[in-house]
DNA sequence: ATGAAAGCGCTAACAC
DNA sequence: GTGTTAGCGCTTTCAT
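Chains as they are written, first to last, in our numbering: chain S, 90 to 454; chain U, 90 to 454.
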């Protein structure tokens with residue numbers, strides 16, 4: 090079956106459009122003008138009916154029928170561009186992420202997308218690739234499309250480009266990371282407590298030399314997790330040893346480098362706390378390659394629960410976050426603020442984490 | 090610091106806007122009108138300059154300067170809605186996926202997003218949640234936003250809602266899955282060959298009883314992988330045994346059910362071929378729970394290479410796909426077709442897969 | 001070298 | 001009950 094076999098659809102289309110919309114099947118989606126023409130009404134009348142204002146405007150049942158039928162027959166497709174331009178509202182939410190490929194952010198993206206559509210919004214997705222420069226660019230591009238709201242997982246330390254949103258008509262909600270110097274609402278995990286719980290657990294299992302494999306310096310999740318780590322040590326009267334803290338990145342490669350540095354440093358440690366799923370994997374991989382048994386020689390506990398956490402070389406104890414809930418909440422918060430320019434900034438939300446214990450942590454003699 | 094401490098920005102804005110744009114800092118982004126006013130030119134002139142048509146229209150250097158400065162000072166933000174409406178082009182690509190949470194689709198989403206932005210397009214993301222009904226709805230909603238092109242990873246068997254795109258001004262490219270009855274270009278993995286290679290490998294390792302844990306019935310990736318599986322058996326003179334084929338879904342839960350069914354059936358098998366990453370994980374989990382040693386008792390090979398593949402309970406042999414390349418190609422293909430309504434449908438592209446061998450497959454005596 | 005006018009598809013204010 | 005008019009912010013003839 091070749092393309093030409095399509096029974097002349099293409100050829101007939103032009104005629105349909107220009108002269109009369111009388112063809113049997115709804116070939117090409119029509120706009121309000123075509124619908125009005127076919128229904129024999131004016132354009133505003135058709136508009137009112139199709140927006141459910143028929144009764145309010147006391148348009149006769151008959152006319153309403155006519156319009157609705159015409160719309161169906163022409164498979165009416167409202168031009169949301171025109172509507173948005175007129176209404177000053179696009180029913181669109183901009184989403185800026187460091188990397189949709191990362192399962193944690195992917196889960197956020199999914200929740201945002203689903204929740205947004207449930208509320209009648211579409212989502213414009215931007216991947217900043219963990220690059221602040223790109224983030225700035227993307228934010229600009231996306232603002233030119235006049236979204237009704239923004240959900241942003243910012244990257245890096247720079248946040249001057251977000252200042253304008255402190256007093257903007259476009260509500261913005263930060264997710265996963267936040268900035269102390271910015272009065273913007275955020276949805277974050279309870280990173281400090283999550284880390285605190287994790288390291289408490291390690292210490293209670295008898296580990297007093299706990300290494301920490303960090304994520305990207307300067308980001309709130311990283312700093313707060315490190316803080317939780319330090320607090321746990323302190324609470325148990327263990328001195329902080331900076332030689333036990335390595336790494337500068339949440340990715341797998343950064344994780345490998347960090348783990349290698351730790352190993353090469355020769356410092357003694359019996360447990361490792363990895364600050365992301367990918368760092369955890371990298372650590373496990375490298376430890377095993379180096380001939381260390383987990384958890385007999387060294388225990389391992391990682392941030393981020395994943396579908397595969399239970400079936401790793403050694404089933405991993407993790408700190409579970411709830412990215413889906415975070416995405417959902419972010420959209421809810423943005424939507425609540427849309428159309429209320431003067432409203433007070435909502436309070437930031439901290440989503441609790443949960444410790445999942447498996448076999449990667451051993452009780453130390 | 091409360092919200093009111095913002096030095097009266099909000100109050101001063103109205104005045105700025107109505108009277109003169111003379112305030113020092115560029116508080117509020119301005120449109121073409123404001124720029125023209127500040128530059129002392131007409132709106133069309135400002136438009137031409139800012140679209141790089143200044144020289145073409147022989148607008149004086151001085152005026153051009155004036156306009157550009159005004160644009161900078163007001164931090165000009167072109168209203169893309171108005172522009173799109175006028176131009177009949179939104180520079181937007183619609184992306185419809187079954188589940189951004191799945192790392193395979195997430196990788197596609199990432200590639201699409203990055204490639205699209207590199208070409209000056211924005212991406213509208215829709216998550217169909219593996220539900221055909223939602224897919225239909227989303228496609229409608231998204232079309233109302235008049236995207237210049239569409240990238241779709243369709244779900245399920247139904248494809249009548251995609252027929253209109255065989256002869257639509259909006260180019261559509263299918264990714265991962267395709268439909269024999271549809272004349273639409275697609276980008277897919279070489280599923281048949283990938284499966285063929287995998288099962289050939291298993292057989293060459295001495296396995297003649299190879300079970301197959303299927304994905305969603307009726308989808309091309311699933312059917313082609315099963316076909317590759319059967320071809321491999323046939324090529325080696327092994328009879329197909331349908332009791333060895335279980336499952337109906339690509340997710341982890343479906344995978345667990347399939348693996349359990351296989352185990353419970355009591356059929357003898359020494360190797361399992363899992364048709365997705367999540368099925369692979371589920372199978373590994375269940376096999377281990379059931380006390381089977383992998384690969385000593387049963388070998389395992391799964392579709393989809395992942396960052397954790399090497400560090401699973403037993404390092405997994407996999408069939409690697411290239412979702413990033415698929416997403417990139419899809420965008421390239423869509424963009425090439427934008428604005429060429431009459432152009433011939435491009436040929437579909439099949440992206441090769443690669444077999445990655447690890448320890449989950451044992452050479453059978 | 002630049003401006004005036006029309007129009008993209010829609011909705012809201014105001015007629016009658 | 002329904003139509004007319006104006007305008008959202010832009011680009012594009014066409015005129016000067």
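Just so it is clear, CB atoms sit at the ideal spot from N, CA and C, and this is done for glycine as well.
Close beta carbons around residue i, own chain, < 6 angstroms, minus the five adjacent residues each side
i	result
residue 280 of chain S	310, 313 and 314
residue 363 of chain U	302, 369, 372 and 391
residue 448 of chain U	403 and 404
residue 435 of chain S	274 and 422
residue 205 of chain U	182, 212 and 420
residue 339 of chain U	304, 305 and 365
residue 200 of chain S	413, 416 and 417
residue 424 of chain S	208
residue 351 of chain S	300 and 335
residue 395 of chain U	366
residue 322 of chain U	329
residue 235 of chain U	179
residue 220 of chain S	none
Bridge-paired residues (DSSP) for residue i
i	result
residue 216 of chain U	U:186
residue 297 of chain U	DSSP lists no partner for residue 297 of chain U.
residue 443 of chain S	S:409
residue 211 of chain S	S:181
residue 335 of chain U	U:302
residue 401 of chain U	S:401
Continuous beta strand (DSSP E) stretch holding residue i: start and end
i	result
residue 277 of chain S	275 to 278
residue 388 of chain U	388 to 392
residue 271 of chain U	Where residue 271 of chain U is concerned, there is no enclosing beta strand (DSSP E), given that its DSSP letter is neither H nor E.
residue 360 of chain U	360 to 363
residue 263 of chain S	261 to 264
When the options are compared against residue i, the one with the closest alpha-carbon
i	options	result
residue 392 of chain S	S:217, S:411, S:270 and S:384	S:411
residue 125 of chain U	U:156, U:431 and U:319	U:156
residue 265 of chain S	S:255, S:243 and S:284	S:243
residue 359 of chain U	U:378, U:333 and U:344	U:333
residue 123 of chain S	S:143, S:278, S:148 and S:162	S:162
residue 172 of chain S	S:348, S:158, S:133 and S:187	S:133
residue 388 of chain U	U:153, U:297 and U:308	U:297
residue 278 of chain S	S:221, S:193, S:187 and S:148	S:193
residue 378 of chain S	S:189, S:142, S:349 and S:341	S:349
residue 233 of chain U	U:189, U:174, U:191 and U:263	U:174
Endpoints, alpha helix (DSSP H) assigned at residue i
i	result
residue 138 of chain S	132 to 139
residue 239 of chain U	No alpha helix (DSSP H) contains residue 239 of chain U, which is instead part of the beta strand (DSSP E) from 238 to 241.
residue 173 of chain U	169 to 176
residue 202 of chain U	192 to 207
residue 450 of chain U	No alpha helix (DSSP H) holds residue 450 of chain U; DSSP gives it neither H nor E.
residue 227 of chain S	221 to 233
residue 251 of chain S	Element bounds for residue 251 of chain S: n/a, residue is neither H nor E.
residue 310 of chain U	309 to 324
residue 432 of chain U	Careful: residue 432 of chain U lies outside any alpha helix (DSSP H) and carries neither H nor E.
residue 380 of chain U	Note, residue 380 of chain U: premise wrong, no alpha helix (DSSP H); not H, not E.
residue 163 of chain S	Where residue 163 of chain S is concerned, there is no enclosing alpha helix (DSSP H), given that its DSSP letter is neither H nor E.
Beta-carbon proximity list for residue i, same chain, < 8 angstroms, skipping 5 on both sides
i	result
residue 282 of chain U	317, 441 and 442
Whole-Å CB distance - residue i paired with residue j, under 8 angstroms assumed
i	j	result
residue 408 of chain U	residue 376 of chain U	With 8 angstroms as the limit, residue 408 of chain U and residue 376 of chain U do not qualify as a contact, their Cβ atoms being about 19 angstroms apart.
residue 304 of chain S	residue 365 of chain S	5 angstroms
residue 184 of chain U	residue 213 of chain U	7 angstroms
residue 136 of chain U	residue 121 of chain U	6 angstroms
residue 118 of chain S	residue 166 of chain S	4 angstroms
residue 237 of chain U	residue 427 of chain U	5 angstroms
residue 401 of chain S	residue 401 of chain U	6 angstroms
residue 170 of chain S	residue 170 of chain U	6 angstroms
Residues of its chain near residue i, where Cβ-Cβ distance is below 7 angstroms and the 5 sequence neighbours each way are ignored
i	result
residue 96 of chain S	Because residue 96 of chain S sits at a pLDDT of 34, beneath the cut-off of 50, its placement in the model cannot be relied upon, and the following sentence gives the value as read from the coordinates. Nothing meets the Cβ criterion.
residue 151 of chain U	none
residue 114 of chain U	At residue 114 of chain U, the pLDDT of 49 sits below 50, so the modelled position is not reliable and the matter cannot be decided from this model.
residue 325 of chain S	292
residue 255 of chain U	271, 272 and 273
residue 452 of chain U	294 and 295
residue 287 of chain U	362, 390, 408 and 444
residue 430 of chain U	258
residue 356 of chain S	332 and 333
residue 148 of chain S	134, 137 and 138
residue 319 of chain U	329
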